[in-house]
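Q:
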Amino acid sequence: MKFFVDTADTAAIRELADLGMVDGVTTNPSLILKSGRDIVEVTKEICDMVSGPVSAEVVATEAKQMIAEGLKLATIAPNIAIKVPLTWDGLTACKALTSEGQMVNVTLCFSAAQAILAAKAGASFISPFIGRLDDIHIDGMELIEDIRTIYDNYDYETEILAASIRSVNHVVEAGRIGADIVTAPPAVIKAMAGHPLTDKGLDQFLKDWAKTGQSIG
Ligand code: E4P
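The sequence shown lines up with residues 49 to 265 when you count with my numbering.
1. Would you call the segment 132 to 152 and the segment 113 to 121 touching, i.e. three or more CB-CB distances under 8 Å?
2. Put D54 into one of helix, strand or coil per three-state DSSP.
3. Beta carbon of S263: closer than 7 Å to some heavy atom of the ligand E4P?
4. In the DSSP output, what is E105 paired with across the bridge?
5. Taking 7 Å as the cut-off, is the C-beta of S175 nearer than that to any heavy atom in the ligand E4P?
6. Could you check what DSSP says for G72 in three-state terms: helix, strand or coil?
7. What separation, rounded to the nearest whole angstrom, lies between the Cα atoms of R180 and L245?
8. Measuring straight from C-alpha to C-alpha, what distance separates I94 and I61?
9. Run through the segment 162 to 210 for me and flag every whole alpha helix (DSSP H) of 4 or more residues, listed as ranges in chain order.
10. Run the CB neighbour count on I237, radius 10 Å, all protein chains shown included, and call it buried at 16 or more, exposed below.
11. Can you find the residues in the same chain that come closer than 8 Å, C-beta to C-beta, to A104, ignoring five residues on each side of it along the sequence?
12. Determine which residues share a DSSP beta bridge with A232 and list them.
13. If you drop the 5 nearest sequence neighbours on each side, which residues of the same chain put their C-beta closer than 7 Å to that of D137?
14. When you measure from the CB of G179 to every non-hydrogen atom of the ligand E4P, does any distance come out below 7 Å?
15. At a cut-off of 7 Å, would you count S215 as near the ligand ATP, judging by its Cβ distance to the nearest heavy atom?
16. Got a sec: does the ligand E4P put a non-hydrogen atom nearer than 7 Å to the Cβ of T135?
17. Taking only heavy atoms of the ligand E4P into account, decide whether any of them is closer than 7 Å to the Cβ of S103.
18. Ends of the beta strand (DSSP E) at L67?
19. In whole angstroms, what separates the C-alpha of S99 from that of V230?
20. Just to check, is the beta-carbon of A272 closer than 7 Å to a non-hydrogen atom of the ligand E4P?
21. For V220, report the span of its alpha helix (DSSP H) as first-last.
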């Protein structure tokens, strides 16, 4: 299972990358806003830190402009994956950009039907948004399951990038179903290390150790 980090916070990416936990990064306009930084400058810094794909999103809504923006973003670094929304124009841009050898991440996917079209348009990644579906009481994980089944039925090469991850359970479930990649905020990745029985066990070991009166080293 590959881990992408869903943030434009370079300090957080660095911390996780140093532990070998970053296979790629995803950003979007809201995350760029949150970083308070210039898109080209911050994306370049991220691309220098991470060798895997770094998604940078276009903001045009018409295919021709999306392609132009995508090609501009692609000049930032060789590991840029151009992110386009799952609209008809986005699919048109996806086809054109992948035909030119660019990596494309088709984002804002909320149905299996949309995911089929993205695969047909040659997407490198499809990003189904689990959390946002859960927010409107639709099981986001069922979507991951459906896409996995359909892609496997036809050996589509598009990678399933489970997005809008809100919890540790989302990561584990996406892995169980067989999503190729999970993109999660740094806080969720760090929360994966926590378990109350680990805390309780460690507390007991430290108390017992103190009673031995010993020290190591
Ligand atoms: C994916 O690439 C998106 O950046 C992201 O996962 C959106 O998540 P959100 O619904 O928490 O904003």
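The C-beta atom is built at its ideal place from N, Cα and C for all residues, glycine as well.
A: If we stick to the structure as given:
1. yes
2. strand
3. no
4. K131
5. yes
6. strand
7. 31 Å
8. 8 Å
9. 178 to 183 and 188 to 201
10. buried
11. T75, I87, T91, L121, I124, I128, A129, I130 and K131
12. V53
13. T109, E110, A111 and M114
14. yes
15. Although the ligand ATP was asked about, the structure shown includes only the ligand E4P as ligands.
16. no
17. yes
18. Taken as a continuous stretch (DSSP letters only), L67 belongs to no beta strand (DSSP E), as it is neither H nor E.
19. 17 Å
20. The question about residue 272 has no answer, for the chain in this structure spans 49 to 265.
21. V216 to I225
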